Amino acid sequence: MKFNDYVQISGTPVNIKSGGCLFRQGEAHQSIYLVTQGMLKAYYLSASGAELVKSFLFPGEIIGSLSSAHWKDFASFSLTALEDSTLLRLNFGHLYSAAQSDLELAQGVMDRLLEYGSSKERREKELLTMSAEERYRALLLEAPDSLHRIKQKDIARYLGITPVALSRIRREIKRVDLGSACTPVPP
1 MKFNDYVQIS
11 GTPVNIKSGG
21 CLFRQGEAHQ
31 SIYLVTQGML
41 KAYYLSASGA
51 ELVKSFLFPG
61 EIIGSLSSAH
71 WKDFASFSLT
81 ALEDSTLLRL
91 NFGHLYSAAQ
101 SDLELAQGVM
111 DRLLEYGSSK
121 ERREKELLTM
131 SAEERYRALL
141 LEAPDSLHRI
151 KQKDIARYLG
161 ITPVALSRIR
171 REIKRVDLGS
181 ACTPVPP
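Under the working numbering, the first residue of the sequence shown carries the number 1, and numbering increases by one thereafter.
Laid out in structure tokens, this is it:
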């Protein structure tokens, strides 16, 4: 069975209002989710209570705490809706069992896990090798049509900077972009 067919057959629709939480850091949670509509935020809370944004989720993306869903550990992050959203909830244990006896489904699960791993690798690289401005520019390229829907404080938390630093970066980018657009072409 194709992965998308499995999701459509086995997934349970979940509607969540903006600000609603699907699961919290420190809770056990055995489900993973496919976002079908809306936008979500995955984030960590530090020991001091500071929120650190792990990722933003858009339609077509899958999210869940694999350590909690598979290893029965506690979720290491929280997942909340940034706007009214619809998701399909999958019991990870059922998906894992079904994939063990269905090669086509197993391949689909593997493909999704590889996509997830690649996005984690990209995020690590951004955090470890890029400046805050470079990370912001990368986010602009990744979600150009959605960024205006995300609060500036959440974008700053995603970039690992303060909202004030984000304002400076945005102002500098606008200044540079406007300056390059108005630069006269030499004769």
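Glycine included, every Cβ here is placed at the ideal spot set by N, Cα and C. Owing to the predicted nature of the structure, the values given are computational and were not obtained by experimental measurement.
- Contact between the region 18-27 and the region 66-82 is present: three or more C-beta pairs spanning the two stretches fall below 8 angstroms.
- When the Cα atoms are used, S18 and D73 turn out to be separated by approximately 27 angstroms.
- Under the rule that a run must span 4 or more residues, the alpha helix (DSSP H) segments found entirely inside the region 49-137 read 66-69, 92-100 and 103-129.
- Per DSSP, K153 has no beta bridge partner at all.
- Residue H70 holds the alpha-carbon nearest to the alpha-carbon of L95 among S76, L40, H70 and L87.
- Looking at A50, L52, D177 and A75, the one whose alpha-carbon comes closest to that of R137 is D177.
- In this structure A42 touches S55 by the C-beta definition: roughly 5 angstroms separates them, less than 8 angstroms.
- Under the DSSP assignment, S10 falls in the alpha helix (DSSP H) whose first and last residues are F3 to S10.
- The beta carbon of P59 lies closer than 7 angstroms to those of V35, T36 and Q37 in the same chain, with the five residues before and after it left out.
- In this structure, the straight-line span from the alpha carbon of A99 to that of L105 is close to 5 angstroms.
- Taking a cut-off of 8 angstroms on C-beta distances, the region 142-162 does not touch the region 104-119, as fewer than three cross pairs fall below it.
- The DSSP-derived three-state label of I161 is coil.
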